[in-house]
Amino acid sequence: MKRKLILYVILFLIIGGGAGIGYYYWYQGSHFVTTQDARISGDIYRVMPRIAGKLQALSITEGDAVVADQIVGQQDSTNLTTNLLENALLRAPITGTVIKTLAKEGEVVSPGQSIAMIIDESKLHIAANVEETEINRLKLGQKVDIVLDAYPNKKLVGHVSQIGQATNSTFSLLPAVSTSGNFTKVTQRIPIKVAIDDAAGLHLAAGLNAEIKVYVKER
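First residue of the sequence shown: 763, per the numbering used here; consecutive thereafter.
In structure tokens, the structure reads:
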């Protein structure tokens, strides 16, 4: 009798545990869309020379804060006429933070060449990719929980600010159609943007990996 009771208890615990796990996954799947294919991103602007010539001075380093139109470098202007002296000055295109310098003083640089890269850290966002089977559940403005790999114990809050109108493969340089006669169906991913409403006082850097959870159904 006691053995049978123990078996009943074990069976009840197994069924109850399985039901609890099943409910958890059902609830998560029905109320949220999650993806780990996400990272911090932002618009990157480049400092570029307007003329060809030696880079005489570069007054910025990575991590420096700059303001729009600030002079950040100068090219050799020895052979320039007075009305072209302005072209030898290198200016910051936006207010932001220098994230990369790509040239050194003394190098010869030319138009179209990147001297430095600047990003506006106040406009950082999450760039994520969501499977096509989930995209119809997303709407602009939906709340998003964000967890960064760099700060696993901190939760940031944001909202869906943009939903892509084409899959990532649409813009791929490689053809999506195979000419070999074989076809393997692959789930496509559609890019979305998540605006960060509360950074929780953390220092964010472009490129940091993230995991997002979109609230598609109110609790």
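All residues carry an ideal CB built from backbone N, CA and C; glycine is no exception.
In its own chain, which residues sit with a C-beta less than 6 Å from the C-beta of N849, not counting the 5 before and 5 after it?
Closer than 6 Å at the Cβ level, and outside the excluded window around N849, lie R812, I813.
Inspect the CB distances between the segment 838 to 858 and the segment 893 to 904 and report whether three or more fall short of 8 Å.
These segments do not touch.
Please classify T859: is it buried, with 16 or more other beta-carbons within 10 angstroms of its beta-carbon, or exposed?
It counts as buried.
Buried or exposed for I822, please, with buried defined as at least 16 other CB atoms from any protein chain shown within 10 angstroms of its CB.
Buried.
Going by beta carbon distance, what residues of the same chain come within less than 8 Å of E824, once the five residues before and after it are set aside?
Once the five neighbours on either side are set aside, the close Cβ partners of E824 are V860, I861, K862, T863.
Judging by CA-CA distance, which residue of Q875, I877, A957, N930 is the nearest neighbour of V1027?
Residue 1027 falls outside the range modelled here, since the chain spans only 763 to 981, and no answer is possible.
Buried or exposed, going by whether 16 or more other CB atoms sit within 10 Å of the CB of Q904?
Answer is buried; the Cβ neighbour count reaches 16.
Once the 5 residues before and after A865 are set aside, which same chain residues still bring their CB inside 6 Å of it?
Cβ within range, chain order: L817, V871, I877.
Can you tell me the Cβ-Cβ gap for G926 and R801, rounded? I've got them flagged as a contact below 8 Å.
G926 to R801, Cβ: 15 Å. No contact.
What residue range does the beta strand (DSSP E) around S872 cover?
Here S872 belongs to no beta strand (DSSP E), and DSSP marks it neither H nor E.
Answer with buried or exposed for S934, where buried requires no fewer than 16 other C-beta atoms within 10 angstroms of its C-beta.
When all chains shown are included, S934 counts as exposed.
What is the rounded straight-line gap between the Cα of I888 and the Cα of N898?
Approximately 19 Å between the Cα atoms of the pair.
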